[in-house]
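In the numbering used here, the protein residues as written are 30 to 281. Virtual Cβ for every residue (Gly too), placed ideally from N, Cα, C. Written out below as structure tokens is the structure these notes cover.
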Amino acid sequence: MKGTKIYYKKTRMRNPVLIVGLPGIGNVGSLVCEHIRDSIHARRFATLNSPHFLHQTVMLKNGGMRLINNRFYYKDNKGKNTIVILLGDTQAGTPEGQYEVNEKIVKFFKSLGGKKIYTIGGYSAGHQFVHNPRVFGVATSKNMRKELAARGVVFGKAAGTIWGSAGLIPAFARKNGLEGACLMGETAMLEIDANAAKAVLDVLKKLLGIDISLDNIDKIKKETERLIKEVEDAAKAQEYGPQNKENLTYIR
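Next up, the structure:
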């Protein structure tokens, strides 16, 4: 394979909006986009393959196999627009690959008639679990910032850099005449942070006017909080329990 390729079936779309959720911090983006895809029953219409992805294949339940890839899904949104979702197994593993793959994604979406892109990621709050996560944002236009701020997205408080597709896709969107924004759920360093994902879903639900149930994400959120509490309780018991005599205090 030479270069990044997108294989797709031509599909009619109305003012498409792209939501990107690729693997990253807390898997917030993946969790958000998988939940939206399943809730609105979006259908797959395109596949992106790239030599910049890891040299791996995925074993399938039927005994088959496939290359790791990125996948595009679509669904009409009550005749207002078309929701396009990008999910994937991985991101490109090198700076050169990141630039090639992400610009390819933006140009492909533009060819569909798309003008607006939202990437979803996580914003690290350290190792402390966040019970009421905020959604931080950056956007390529004043209008997008105003629109998102009205839905509770926090601007100007997050600092640092955005790695990978979550940051490069909005940057390439601007370069190609599209609007782009990155929404980041505040997350601890968890493998899967459903709490942060729910915060972002709440924003997108209002922003795009899509009907999505949050029941499944609530179940994952509650299970995550239960496991976190068990770990915290075990740590406290070890630190302050009677077996640790060095930590006992006395009143004299």
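Quick check: what's the CA-CA separation for residue i versus residue j?
i: residue 68; j: residue 222; result: 19 Å
i: residue 95; j: residue 89; result: 8 Å
i: residue 279; j: residue 148; result: With a pLDDT of 34 at residue 279, under the threshold of 50, the predicted position of this residue should be treated as unreliable, though the coordinate-derived value follows. So the two alpha carbons sit approximately 55 Å from each other.
i: residue 142; j: residue 47; result: 11 Å
i: residue 128; j: residue 122; result: 11 Å
i: residue 186; j: residue 31; result: 41 Å
i: residue 108; j: residue 226; result: 26 Å
i: residue 175; j: residue 98; result: 34 Å
i: residue 40; j: residue 172; result: 29 Å
i: residue 130; j: residue 49; result: 13 Å
In the DSSP output, which residue or residues are listed as bridge partners for residue i?
i: residue 205; result: Per DSSP, none; premise fails for residue 205.
i: residue 145; result: 46 and 208
i: residue 72; result: 103
i: residue 112; result: 46 and 104
i: residue 153; result: 216
i: residue 78; result: 34
Assuming residue i is part of the beta strand (DSSP E), what are its boundary residues?
i: residue 106; result: 99-106
i: residue 55; result: First-last for residue 55: undefined, no H or E at that position.
i: residue 49; result: 46-50
i: residue 96; result: 94-96
i: residue 168; result: 164-168
i: residue 86; result: 86-88
Indicate the three-state DSSP secondary structure (helix, strand or coil) for residue i in the structure shown.
i: residue 213; result: strand
i: residue 232; result: helix
i: residue 137; result: helix
i: residue 276; result: No answer about residue 276 holds up, because its pLDDT of 47 lies below 50 and its placement is not dependable.
i: residue 37; result: strand
i: residue 117; result: strand
i: residue 159; result: coil
i: residue 183; result: strand
Flag this pair as yes or no: are the beta carbons of residue i and residue j separated by less than 8 Å?
i: residue 111; j: residue 81; result: no
i: residue 245; j: residue 64; result: yes
i: residue 239; j: residue 198; result: no
i: residue 164; j: residue 210; result: no
i: residue 87; j: residue 101; result: no
i: residue 155; j: residue 200; result: no
i: residue 133; j: residue 205; result: no
Counting along the chain, where does the alpha helix (DSSP H) carrying residue i start and finish?
i: residue 177; result: 171-178
Does any C-beta atom of chain B lie closer than 8 Å to the C-beta of residue i?
i: residue 184; result: Here chain B cannot be found, since the structure has a single protein chain.
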